[in-house]
Ligand SMILES: [Zn+2]
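In the numbering used here, the protein residues as written are 3 to 249.
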């Protein structure tokens, strides 16, 4: 069982100039073929940028390099796009699910509240929900809170997969924002999506984190320190995270 970590989208801040982040997409080899956790933007987003991408291009520094699309990374790793049978979304903002049309036959897993927020375009940052990303009418699997736990987090089992996987709902950034925990040989990989910022950095302004990502960071940091066997990622890790992986 292997988890490949891909940078699906580089986005750098103007200020501070050293805030250079990527977007964690996980490509998991499972008993049901490849599972992709978040897609990053897709080919169509580069060919025909959406309004929200154009706005992001103005307020941030984006290389906006189509080489970064997940479908290219899948090929570079030696797989075919059709090998991606399932896509698990942390949430449905454009930078996390824009690549759905590049994998039109994949089943798409998402928290039901996230799908509903997307359809009704409700919530903070709802402009980041782009209808055309689901125009191909994917085969959906929706998840509801069932009162289960993973460690002491509210959790929903993503059934049928080996390795074992769980959704960890952490709503705030969006209505259905959910982390994903995947069992690994040595412990777990806990991908916190946009409920957390890069765990390796202690110099990020707590106020901005709690405003945009919600109240979870202190609890997640504590969990990380108590569970060194759990590998923790946030969606927007700083670029050296990805470059360190290949060293
Ligand atoms: Zn988001």
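From the three backbone atoms N, C-alpha and C, an ideal C-beta is built for every residue, glycine too.
Less than 7 angstroms between the CB of residue 226 and some heavy atom of ligand 1, yes or no?
Position 224 of the chain shown, counted from the first residue, corresponds to residue 226. No, Cβ of residue 226 sits at least 7 angstroms from all heavy atoms of ligand 1.
Report all residues from its chain with a CB closer than 6 angstroms to the CB of residue 85; omit the five preceding and five following residues, and keep chain order.
Taking the first residue of the chain shown as 1, we reach residue 85 at position 83. Sequence-distant Cβ neighbours of residue 85 in its own chain, meaning closer than 6 angstroms and more than five residues away, are 35, 36.
Counting by C-beta, which residues lie closer than 7 angstroms to a heavy atom of ligand 1, in chain order?
The answer, residue by residue, is 93, 95, 97, 98, 127, 130, 175, 176, 196.
How far does the alpha helix (DSSP H) with residue 99 in it reach, from first residue to last?
One-based indexing of the chain shown puts residue 99 at position 97. Per DSSP, residue 99 belongs to the alpha helix (DSSP H) from 96–99.
Which residue or residues does DSSP assign as beta-bridge partners of residue 27?
If you number the chain shown from 1, residue 27 lands on position 25. Per DSSP, the beta-bridge partners of residue 27 are 8.
Unbroken alpha helix (DSSP H) runs of length 4 or more, entirely within the segment 61–121: which are they?
Counting whole runs of 4 or more residues, the segment 61–121 contains the alpha helix (DSSP H) stretches 72–78, 96–99.
Could you say if the segment 228–243 and the segment 182–194 meet the contact criterion of at least three C-beta pairs nearer than 8 angstroms?
Per the Cβ contact rule, the segment 228–243 is in contact with the segment 182–194 (3 or more Cβ pairs under 8 angstroms).
Measure the C-alpha to C-alpha separation of residue 195 and residue 153 and round it to an integer number of angstroms.
Taking the first residue of the chain shown as position 1, residue 195 is located at position 193. Taking the first residue of the chain shown as position 1, residue 153 is located at position 151. Each residue's CA atom was taken as its position, placing residue 195 and residue 153 some 18 angstroms apart.
Use the C-beta contact count for residue 94: other C-beta atoms within 10 angstroms, 16 or more gives buried, fewer gives exposed.
Here residue 94 refers to the residue found at position 92 of the chain shown. By the Cβ neighbour-count rule, residue 94 is buried, with 16 or more other Cβ atoms within 10 Å of its own.
As assigned by DSSP and simplified to three states, the class of residue 215
Within the chain shown, residue 215 is the residue found at index 213, counting from 1. Here residue 215 sits in helix by DSSP.
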